[in-house]
């Protein structure tokens, strides 16, 4: 999250039409911090072995891109993890849809660059904070399509872009826009309240994860450990057997 701040600071300076030399001097401490954190992140990930080939990683990146955008606008079926099983279908429908969504975002970015600097900053903001997550598909002996937490900061860019495109029309349609905003805020607030309730304890969270993602072996294993610690041995055994059924060769 910190490393992309170097580019983001430059975007803010461009948006405010500040002199490049002055903006660089003012942001130098933040740039150095971002560079240091980026180096630390690269070193920390260097020893990890990816379970995917490069073509698979690229294909899964497009799939993840479309998936994350979809969850931002339709936040249902959320889970702490979204496992996928290699090999990845490089030329499948989900990859094609992901490429199409990426092209659409690129077109919107080009239009935004000509019409609104704010919208352009929003799109680049989203890309800056979501693209680094494509390097984290492989975790241990599992592969995950996405993780909701990586979209939190990127979401700001989406909201910024929407606000920039709507701004010229708000004065003309103040009442309908206000009504739509209140309606959407209420719907999302209701969904957020329900989602937060799933995090009240580990058992509820992992049971929900398995309901949404039945092939989430990590959730089954974690649930088994939880039951074992609570001395619920039969329940723990069932979850461990489910884990082995999903990942028979897992470490």
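In the working numbering, the protein residues as written are 3 to 253. Every residue, glycine too, gets a C-beta built ideally from N, C-alpha and C. Since the model is a prediction, treat every value here as computed from it, not as a measurement.
| Check | Outcome |
| --- | --- |
| In its own chain, which residues sit with a C-beta less than 7 Å from the C-beta of residue 211, not counting the 5 before and 5 after it? | 81, 82, 83, 218, 221 |
| Which residue or residues does DSSP assign as beta-bridge partners of residue 141? | 144 |
| Throw me the rounded Cβ distance for the residue 172 and residue 152 pair, which I believe falls under 8 Å. | Actually they do not touch by this definition, with Cβ atoms about 31 Å apart. |
| On the DSSP letters alone, give me the boundaries of the alpha helix (DSSP H) that residue 157 sits inside. | 153 to 172 |
| Alpha carbon to alpha carbon, how far is residue 29 from residue 11? | 7 Å |
| Whether or not the stretch 58 to 78 and the stretch 99 to 110 are in contact is what I'm after, with contact meaning three or more pairs of Cβ atoms, one per stretch, closer than 8 Å; do they touch? | yes |
| Quick check: the Cα distance between residue 125 and residue 206, rounded to an integer number of angstroms? | 36 Å |
| Give the single residue among 44, 26, 89, 32 whose Cα lies nearest to the Cα of residue 54. | 89 |
| For the putative contact between residue 157 and residue 74, defined by C-beta atoms under 8 Å, what is the C-beta separation to the nearest angstrom? | 6 Å |
| Which residues in the same chain as residue 201 place their Cβ atom closer than 8 Å to its Cβ, once the five residues preceding and following it in sequence are excluded? | 207 |
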